[in-house]
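> Starting off with a structure, shown below.
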Amino acid sequence: MRVRKLILGAAVAAATVLSACSSPSEQPVGLAAGQENVPATTTTESPATPPTTSSPAPTSTSTSSPSSSTKTTPKPPTSKTTTPKPKPEPSKEAPCSTAAKACIKLSTNQSWLMEDGKVVYGPVPITHGRKGYLTPPGTFRVTFKNKNHKSSIFDGAPMPNSVFFNGGIAFHQGSLREKSHGCIHLSPAASQKYFSSLSVGEVVEVVR
């Protein structure tokens, strides 16, 4: 009997030692009075969240169309009204208008130099175009002057103090007895006066 008691005591001691070395998963731990049996929570640390890089919000460009379309009415073209120049009045001193700087009357074989309708020189005797070379009447302007001109048509005939006013027709020094080929013949003194007095662009009037 004593041997049995010793064996039983040794078994109890071994059981006590085995109970003390067991892990919590194999041996539940006793709870104190009033405590809930809450399963142990395992806290797992999540890796650090990388810093958020905040990019600026994109700015939206909104093209706003006009609420109402503006209609522009085209303006009608403005017409320039040109005031007509007043017609020159007849001169009281010669058979031409007040615009003439030189006046020629074919029927009386006369010519005048004028300024604003007033005679400043003349009348002087002239001869003009013969049959087939008649001097035409009309209003013309001085186009060219040549002190020692020579005819390019009639064998280089001299035409001193030439003042051209109608194509190849000119005032110039010439015979006062013979008719011309269309030009206005003047005496030497009169031709010099006409040459020095008339300028390019000035009006020459020829009347019948």
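In this text, residue positions in the sequence shown follow my numbering: the first is 410, and each later residue adds one. Glycine included, each C-beta is placed from N, C-alpha and C at the ideal position.
#1: To test your reading of the DSSP string, which unbroken alpha helix (DSSP H) runs of 4 or more residues are found completely within the stretch 500-560?
#2: How is PRO467 classed by DSSP in three states: helix, strand or coil?
#3: Figure out for me which residue from GLN582, SER605, VAL572 and LYS588 has the closest Cα to the Cα of VAL613.
#4: Quick one: is LYS514 buried, meaning 16 or more other Cβ sit within 10 Å of its Cβ, or exposed?
#5: Among MET568, SER561 and LYS527, which one has its Cα closest to the Cα of GLU502?
#6: Pull up the DSSP beta-bridge partners for GLU614, would you.
#7: I need the boundaries of the beta strand (DSSP E) containing ALA579, first residue and last residue.
#8: From the DSSP output, which residues share a beta bridge with VAL609?
#9: DSSP on PHE563, reduced to helix/strand/coil?
#10: Let me check one thing: in DSSP terms, what residues is SER571 bridge-paired to?
Let me spell this out:
#1: none
#2: The predicted position of PRO467 is uncertain, since its pLDDT is 47 and thus under 50; a value taken from the coordinates is nonetheless stated next. It is coil, neither helix nor strand.
#3: VAL572
#4: buried
#5: LYS527
#6: CYS512 and THR548
#7: 578-582
#8: Looking at the DSSP assignment, VAL609 forms no beta bridge with any residue, so it has no partner.
#9: coil
#10: ASN555
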